[in-house]
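Take a look at the structure below.
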Amino acid sequence: MDVDQIQKINTLALQLLNQGLAKDRADAVIQAEKIYKGQGGEDYAEIRGRLEPSQPAVTNLRKEDKVSLGLSEDKIKEILEKNTNFLVKTIKEFHEKVSSMEKEMVELKQKLRNVHSSVSTSSQESSQQAPQPAQQVAQQTYGLGEIPANNPYPRGDTVKSNQSSASHPRVGNFSGADVSIEKFFYMGHK
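Residues in the sequence shown are numbered consecutively from 23, following my numbering.
See below:
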């Protein structure tokens, strides 16, 4: 064997290993040698010697080829079976992952709905509570009718300021007769 043949056998053996057609490196080398010798590693004299025998020898070769093809068909079936098993397994894994993700999405949506409903009920409860007047807040804070001694505002002033600010036109507690339209829209000199 020359270096060129060895290189071809080694590359073929590596391809057989990569394709999964050989069990190990030694098996791959043996198969590669068989393939290489069967393809064209023979001399012209050997080929000529095989062609000259009678017809029965040719039929024997065909039977041997059929047997070798039968082995390759078995190997092909085995490889296809391995591939289908692998594909079925990966598809099942993906299906399981997708179904678990769907369950997780449903759970998250349910949690989100619960949060939204709790937020809406708490906002409704807070809006249903009426705002308390300042006197009631002061009574709750300091006791019934008690005003602290260090209060800077006299009692009557706070009530008047709250009432006057509530009736102020800019606050919004006014009617159309209270304010003329000219105060809102400037029309220029009259």
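Every residue gets a Cβ at the ideal spot worked out from N, C-alpha and C, and that includes glycine. All figures in this text were calculated on a predicted structure; none of them were measured in a lab.
Lys56 to Glu95, Cα distance in whole Å? 17 Å
Start and end residues, alpha helix (DSSP H) containing Ala35: Val25 to Gln41
At the level of alpha carbons, what is the spacing between Ile114 and Asn105? With the sequence shown as reference, residue 114 is identified as Lys, and Ile is not the correct amino acid for it. Taking the straight line joining both Cα atoms gives about 14 Å.
Using the Cβ count rule (16 or more neighbours within 10 Å means buried), how would you classify Ile203? exposed
Give a yes or no on whether the C-beta atoms belonging to Ala54 and Leu38 are separated by under 8 Å. The answer is yes: Cβ separation under 8 Å.
Pull up the distance between the alpha-carbon of Ser144 and that of Lys133, whole angstroms please. 16 Å
Round the Cβ separation of Tyr58 and Lys30 to the nearest angstrom and send it over; I've been treating them as touching at under 8 Å. 6 Å
In whole angstroms, what is the alpha-carbon distance linking Arg135 and Val120? Near 22 Å, if we compare the C-alpha coordinates of Val120 and Arg135.
With a cut-off of 8 Å on the beta carbons, I'd call Val51 and Ala35 a contact; round off their distance for me. 5 Å
On the three-state DSSP scale, how would you describe Ala207? It is worth fixing the name first, because residue 207 is Phe in this sequence and not Ala. Three-state DSSP puts Phe207 in coil, outside helix and strand.
Taking the alpha-carbon of Ile101 as reference, which of Lys205, Gln41, Asp200 and Asn32 has the nearest alpha-carbon? Gln41
With a CB to CB cut of under 6 Å and the five nearest residues on each side skipped, what residues in its chain are close to Ser76? A caution first: Ser76 carries a pLDDT of 46, below 50, which makes its placement in the model too unreliable to give a value.
Simplified DSSP state of Ala48, which is helix, strand or coil: helix
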